[in-house]
Every structure is written in C-alpha cells, then in structure tokens.
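Protein chains in written order, with our numbering: chain W, 1 to 301; chain V, 1 to 276.
Okay, here's the thing in structure tokens:
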C-alpha cells in the first residue's frame, strides 16, 4: 500500500472561460489554504530535521558521522539495499514479462498477490519472519542446531527489507508493459531475433524510465524501512543496526542533535528521490509523447 | 485451445519468468504469511479470542482505527483541494509543491516520527503556539492523528489528480450553458465524477495508516490504554516473548488488511468502469 501511484499524466492546458473557472478571490483563497496545509504538514517537518541537526553547530553535526556505530549502520543499510534492490528488480522484470506479454488464467489474482506486501503492516511483515525463523518458529530449532542465525542478524534484516520492497518494480512495470502490448516484440521475433535479443533491444529501451522509477522507489524504501527491520533486528549496536534504527537509538538516548544529524542523511535521500522521480516523470512523458507522435505519423502515411 | 490455461504466443520465456515469479512469490510472501495463520491454529479458539479482545488490545484498535479514519478524512478534504489547485490553477512554485506532495512516501517513517515530535512538542515550532492555548499534540491521541495525516497525505492527491486532469472541460461548459451556477457545476457535475477516485484515495490512506508504526511511536508517547497503537502492541508482546499473543493480534491485523485490500480492489474496479 505504501508508496506507489503510477506516473502521472501530462497536464493538458485548456483555456478556461469565466463560466468554467472560479473568481480570482476564490482561486487565491483555495491556493492559500492548500499551501498553508502542505506547509504545516510537509515543509515545516522537513525544515525542522535540518534545523535540529545543525542547532548545535556544524562541528556537532559532523561528529555524529564519525561514530563507529553510525558508520556501521550506514554500511549495513547500503549492504541491505544492495541485495534487496537487485533481487526485486530481477523479480519485477520477470513478473512483468510473464503478466504483460502473455494471456493466462488467474492473472488478476497473481497481480493482487504481488501487491500483498503493500497492505501488510510493517510490524507484521517483520513478525512473519520471526515466526518462521525465530527460536520459537517453524524452522528455528533446525537453524539453531546448524548454528545459522537469521533473526536478530543480517539475513533477517535483508529478508524483511525484500518483503516490504517486493512489489515496487513489478507494479511500475506491469501497467507500463501492458499498455505497450506485444506487437514490437512479435515483429522482432518474426524477423529472426532471439528471445534475449528481443528483450535487450526492444523491451528494455521501451521500459527503461519506468524501470528506473521503480528502482528509485524500491531503493528509498529499502534504505528507510523502520518497522519491519526493527522487529527482526534485535538492535545490536554496530552489528544489526540500520540507519533508521540508529536514529531511533540516538533519539531514545536523548542525543537529539546526533539523531537529527543522521536523520538528515535520510531526509536528503528522500529529497534526491523526489528530484529523481520528477526528472524520470518528465523524461517518460517525453518518451510517451514521442511514441504517440510516431504512431500518429504512421497512421497518416 | 479453449481449455488451456495459457494462450499461444510467439514470444519466448513464459515458463522461465512465470516459474521464477511463482517461486519467489511463494518463498518471500505466501509461505511466511500462511505460516503466521498456521501458528494461530496451535491456539484454541477461546485462547485466541481472549487474547485479541483483552481491554488493552481493544483500546489499541479503537485508537488505530479511530485516528486512521480521522487522518484519512482530513486527507480526503485537503487532498481533494490540493489536487484541484494543482490541476486547475497556476501559481509560482507549483512544480515544486507538486513534487513535495510525495515527501511522506520518500521520507523514512522514523525520520517523520522524530521531526513531527520535535515540531509539535511543547517547545517546538508549532507546539509552542498550541500548548499555551490548551492544545496538546505530542504524546496524546491528537499526535497520532497528526502522524497518520502526514503519512496518508499523498494518496488522495495522487488518485484524484489524474482523473481531474482527464475530465472533459466540455461537460462543465455544457453545465454552464444549461444555466448551472459554478457551485452547482462543481458539486453536481465534477464531484460525482471524482467520487470513485476520492474514495479509493481515502481507502488507501486509511489502510496505510492502520498499519503504520515508525512515524507514530515517537509522537504518541505509547501509554497503554491511551496512546498505544495496535502495531506497537504487537512489538511489546514480542519483546515480552509472548509470541502467541503477538501472532494472534498480528493475524487480526492481517485479516483487516486483506478486507481493506478487497474493498480497495472493488473501488478501483468501480473507478475503471467509471472512467473507461
């Protein structure tokens, strides 16, 4: 449920007459109300992150990153994202290929099942792995016998992160590839291209912006996930703490400046994500517009 | 052909991609989720029922669902207004504002939690104005509402925006030329057309809010019976090694999310039929 609403459509500008718009006073009042609401709920909290982080000066700010525990948390978060994002990317492309390029029974059920992790509470997402791999869980005794640690260790963190970011790439690609149809790929096949050749030369260039968008969202969630990871991590400092968990620990120790300093890293990641999203949206709209133009020219001929 | 599960195609790779999809889906999602349901089967029905209806659990459902409903309702009103303003009017900085709407999706929930707490605490930027006037936000149920409003903010905007963009200007012209006032056109012509999208956005925001954890636990203060949300109760039970209780409450939440998912699918099906 978290996170994705498909790329929005290009704004069409229509000249509006007096009968189809509101008086200037109403217009500016509504704009004012919306800006105040968004200012209070978005701009103020975002500004507060940086203000609290820099409140005790630049030296205190950078001191927060020299802590070995902070560095370990950053390393673990990067490692987790480096595993979770590629496997979910691979899955997303495979699932979108099977769903968008073929007709089969039970397709809608499959799409709903892929979306499932979005509707599960982050805490429950962590809980299901504790019940499977924890000491009290189904596989717990066997794992303990073989001295394999999953819960309260790095594998559990990676698994929980894979679960919460599971649908991101797939659900960006499925509608996109369904809209593009199969004609181009079929033409490539008929002209003698192999399966992989068709994918690399035809499909991938067509879906690259949607793919990138899915990866950006997947990565942001993978690096920022808190609830699910918190349940499986066990909070061992320097070992099983990701950056969001490190923020929580610092905050609970009343080390507010350091907590906000580390949080400001994540806030910057969020801002980069939003900027990248805007750029990708703009690029994909241009690609779609170009596609429509060539299609229209084709019809004229 | 009529009875085969899959239609013929010249494209290759169905077996490989479908096989991988099903295997990965089962390993990561389906098997762990079913294991959770199986785990509760070890409890007797009365044990299960007593665990999920103890007063502390009931209080947490009331807070989680109540605050989520209020948050989603606030977002329905302001999300609708925001979508309207972003689609229909132009003003300086509009593109930045539009991009910023997605901030709650992009900002990690723990960061949202601590910064909202800082802003609404007694000495915070907004809290220092509200508390002298007798409005306490941080560490009260109102704080939970604030956090849940924040994380649900993009849903209504992003579901209503594309529909509003695609709405034909002609139907508004028709309404105006038939003598409708602008207010009548908005309430009788535009709003009914937006209703499926509005309700979908409301349901999405509500579903997200019910399960939310990170942004709430800092601002709520976590007092049992008063400001403890259901996901936090699960974490508390886990920390006390009460796996049975954590699982039982977790299953209640799972059933609720599946019910919500079903409602959302129905709403989206309705929207598609409406806007097709």
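Note that beta-carbon positions come from the ideal geometry of N, C-alpha and C, so glycine has one too. Quantities reported herein were computed from a predicted structural model and do not represent experimental measurements.
Put simply, of W/115, W/71, W/30 and W/78 the residue whose alpha carbon is nearest the alpha carbon of residue 79 of chain V is W/30. Going by DSSP, residue 246 of chain W is part of the alpha helix (DSSP H) stretching over 243 to 252.
Using a Cβ distance threshold of 8 Å, residue 211 of chain V and residue 231 of chain V count as a contacting pair. Only buried fits residue 161 of chain V, as 16 or more other CB atoms lie within 10 angstroms of its CB. Beyond the five residues adjoining it in sequence on each side, residue 69 of chain V comes within less than 7 Å, by CB distance, of 206 in the same chain, given in chain order. Less than 8 Å divides the Cβ of residue 280 of chain W from the Cβ of residue 212 of chain W. About 7 Å separates the beta carbon of residue 112 of chain V from that of residue 151 of chain V, a gap short enough to meet the 8 Å contact definition.
By alpha-carbon distance to residue 118 of chain V, the top candidate from W/276, W/269, W/257 and W/64 is W/257. Interface with chain W (8 Å Cβ-Cβ cutoff): residue 213 of chain V is included. Ranked by Cα distance from residue 6 of chain V, the options W/148, W/102 and W/90 are led by W/102. According to the DSSP assignment, residue 98 of chain V belongs to the alpha helix (DSSP H) that extends over 94 to 100. Shortest Cα-Cα distance from residue 125 of chain V to any of W/185, W/155, W/87 and W/41 involves W/41.
By the rule that beta-carbons nearer than 8 Å mark a contact, residue 6 of chain V touches chain W. For residue 56 of chain W, the three-state secondary structure derived from DSSP is coil. 8 Å or more divides the Cβ of residue 64 of chain V from the Cβ of residue 190 of chain V. Inter-segment contact for the segment 125 to 143 of chain W and the segment 205 to 220 of chain W is absent: fewer than three beta-carbon pairs are separated by less than 8 Å.
Those residues of the segment 126 to 142 of chain V placed with their C-beta closer than 8 Å to a C-beta in chain W are 126, ordered along the chain. When DSSP states are grouped into helix, strand and coil, residue 6 of chain V belongs to the strand group. As for any alpha helix (DSSP H) of minimum length 4 sitting wholly inside the segment 140 to 194 of chain V, the runs are 141 to 166 and 169 to 177, ordered along the chain.
Beta-bridge analysis with DSSP links residue 104 of chain W to V/6. Three or more Cβ pairs closer than 8 Å define a contact, and the segment 86 to 102 of chain W meets that threshold against the segment 12 to 31 of chain V. Three or more pairs of CB atoms, one per stretch, sit closer than 8 Å, so the segment 151 to 166 of chain W contacts the segment 115 to 134 of chain W.
Taking the CA atoms as reference points, residue 100 of chain V sits about 29 Å from residue 269 of chain V. A straight-line Cα-Cα distance of about 6 Å links residue 173 of chain V and residue 20 of chain W. For residue 92 of chain V, no Cβ of chain W is located within less than 8 Å of the residue's own Cβ. Distance from the Cα of residue 52 of chain V is smallest, within the candidate group V/71, V/260, V/266 and V/248, for V/248. Inter-residue distance for residue 232 of chain W and residue 253 of chain W is about 21 Å (C-alpha atoms, whole angstroms). One thing to note: residue 163 of chain V has its Cβ within 8 Å of the Cβ of residue 197 of chain V. For residue 233 of chain W, no Cβ of chain V is located within less than 8 Å of the residue's own Cβ. Of the candidates W/189, W/260 and W/291, W/260 places its Cα closest to the Cα of residue 57 of chain W. Here residue 125 of chain W is not near residue 261 of chain V, since their CB atoms are 8 Å or more apart. One finds 182 in chain V with Cβ atoms closer than 8 Å to the Cβ of residue 22 of chain W, taken in chain order.
Around the Cβ of residue 45 of chain V, a 10 Å sphere holds fewer than 16 other Cβ atoms; the residue is exposed. Using a Cβ-Cβ cut-off of 7 Å, residue 102 of chain V is close to 274 and 277 of chain W, given in chain order.
For the set V/263, V/138, V/148 and V/56, the Cα lying nearest the Cα of residue 199 of chain V is the one of V/263. Nearest CB-CB separation between residue 236 of chain V and chain W: not below the 8 Å threshold.
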